[in-house]
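Structure first, commentary second.
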Ligand code: PMP
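In UniProt numbering, the protein residues as written are 16 to 451.
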């Protein structure tokens, strides 16, 4: 196989090569200030940078083919509709869905989970159990709590090991209660841990549960195959996979999706409207009321094309190589606590070791400097133009479990390189010198 030309990949991201305008003392944005360094962007898990092809695709749509979809008889609208629907096909094959009718465009993962949890309301009753990943993002917790409020269902967290991985034995114990729904993260955003979802979903199905997987942190790093996973629903955001903000996907098995009550009603989603009664249209339109985010859908299509243009094995090896280099370099420093690493050898609160799966991290790694506040670390790194995320990472239950007020998270993307990690480690050494 040919060498993976990483520089050529990175060169496609203008913000990483042309400069950013946020640097101190360079408010005119020409990035010509003395001694200023390009941003060291290690916050991809929050949002990824965008390749030129995504920016170009959206600009081209507005410049040359802007029209509303699904409406007019004119050619421009027909072309916009064709391009929009072509992306639905692209998404379906990207995650290996059985049909493009199983792909619903949403504003992102949050909006997808809200659409799903609202849409399930009529199927839930008092006492129904919803099992939720104890390390989940708030977007995969709060909508289930709201569903529980509406229906009398009960949300139960799936317990975690001492290091914040899912406790498989605790999960199995909860499955005995025959939950109505199991909601998991594919990859956790705070720690970057990969859940053994294939196994866990199979067990959930055996227990008779519906299944949902939050793939927001997975799609950019792992090959996602919803047919192989056999989950009922899966959601992700465009902006974390090199696409634009404001666009995401709710995937559902056709017969499950078809049962959802539409959260939004109005134009585009109906079959007939009359003051004596209205009928809804068919999937996918039934769940896409109003004018959709057309340019963003086009941008998402370009992001998928970008990802498909790269050799998956090369990308995966590159990213895993960087992550293990990062972990190794962090381990060499004193005064650092790392979180979310495999604790299968640990005699934790989770019971026998035989059921504890191996887990690896992808994309993100969380840490603290012992005894120091994560926000101070973040600010001091930012002063060196090194961008990491410090906080509770929208996973307050996980932070509580780990007995942390918060932590710092380094996260990488396809454009990240060894120089980014070196610059971060050197920057962190300076932070330690200042703080410790
Ligand atoms: N779930 C996970 C695991 C996430 O990482 C995020 C984004 N931080 C979300 C859900 C919410 O995604 P969005 O903000 O794009 O709706």
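Think of the CB as a built atom: it goes at the ideal place given N, C-alpha and C, for glycine as much as any other residue. None of these values were measured; they are calculated from a predicted model.
Residue i: CB within 8 Å of a non-hydrogen atom of ligand 1
i, result
"residue 59", "no"
"residue 202", "yes"
"residue 390", "no"
"residue 409", "yes"
"residue 89", "no"
"residue 155", "yes"
"residue 124", "yes"
"residue 4", "Because the chain is modelled from 16 through 451, residue 4 falls outside the range shown and cannot be assessed."
"residue 65", "no"
"residue 457", "Beyond the ends of the chain as shown, which are 16 and 451, falls residue 457; an answer cannot be given."
"residue 132", "no"
"residue 258", "no"
"residue 232", "yes"
"residue 151", "yes"
"residue 254", "yes"
"residue 263", "yes"
Buried versus exposed call for residue i [16 or more other C-beta atoms within 10 Å across all chains shown]
i, result
"residue 444", "exposed"
"residue 178", "buried"
"residue 193", "exposed"
"residue 290", "exposed"
"residue 201", "buried"
"residue 323", "exposed"
"residue 327", "exposed"
"residue 316", "buried"
"residue 43", "Because the pLDDT of residue 43 is 45, which lies under 50, any placement of that residue in the model is unreliable, and the question is left without a value."
"residue 114", "exposed"
"residue 147", "buried"
"residue 125", "buried"
"residue 374", "Bear in mind that the predicted position of residue 374 carries a pLDDT of just 49, short of 50, making it unreliable; the figure below should be weighed with that in mind. Buried."
"residue 274", "exposed"
"residue 58", "buried"
"residue 97", "exposed"
"residue 287", "exposed"
"residue 236", "buried"
"residue 334", "buried"
"residue 410", "buried"
Test item: CB-CB of residue i and residue j under 9 Å
i, j, result
"residue 204", "residue 152", "yes"
"residue 294", "residue 285", "yes"
"residue 255", "residue 232", "yes"
"residue 249", "residue 263", "no"
"residue 279", "residue 318", "no"
"residue 10", "residue 155", "The displayed coordinates of the chain run from 16 to 451. Any statement about residue 10 would go beyond what the structure contains."
"residue 352", "residue 207", "no"
"residue 118", "residue 107", "yes"
"residue 60", "residue 331", "no"
"residue 247", "residue 271", "yes"
"residue 314", "residue 73", "yes"
"residue 394", "residue 438", "no"
"residue 337", "residue 435", "yes"
"residue 389", "residue 175", "no"
"residue 65", "residue 211", "no"
Delimiting residues of the alpha helix (DSSP H) encompassing residue i
i, result
"residue 316", "309-324"
"residue 225", "From DSSP, residue 225 is part of no alpha helix (DSSP H) but of the beta strand (DSSP E) over 225-229."
"residue 340", "327-347"
"residue 29", "29-32"
"residue 23", "21-25"
"residue 213", "212-221"
"residue 242", "241-244"
"residue 444", "433-450"
"residue 121", "Element bounds for residue 121: not the alpha helix (DSSP H) but the beta strand (DSSP E), 118-121."
"residue 75", "67-75"
Run of the beta strand (DSSP E) containing residue i, from where it starts to where it stops
i, result
"residue 424", "422-426"
"residue 199", "196-200"
"residue 381", "379-384"
"residue 182", "Element bounds for residue 182: n/a, residue is neither H nor E."
"residue 111", "Premise fails: residue 111 is in no beta strand (DSSP E) and is neither H nor E."
"residue 139", "Here residue 139 belongs to no beta strand (DSSP E), and DSSP marks it neither H nor E."
"residue 171", "169-173"
"residue 253", "Per DSSP, residue 253 belongs to no beta strand (DSSP E) and is neither H nor E."
"residue 266", "263-267"
"residue 365", "From DSSP, residue 365 is part of no beta strand (DSSP E); its letter is neither H nor E."
"residue 354", "351-354"
"residue 406", "404-406"
"residue 285", "285-287"
Is the stretch 309-329 in contact with the stretch 162-173, if contact means three or more CB pairs nearer than 8 Å?
no
Check whether the stretch 430-444 touches the stretch 18-29, counting contact only when three or more Cβ pairs, one atom from each stretch, lie closer than 8 Å.
yes
Is it a yes or a no for the stretch 180-189 touching the stretch 390-405, going by three-plus beta-carbon pairs under 8 Å?
no
Count Cβ pairs between the stretch 378-385 and the stretch 126-139 that sit closer than 8 Å; are there 3 or more?
no
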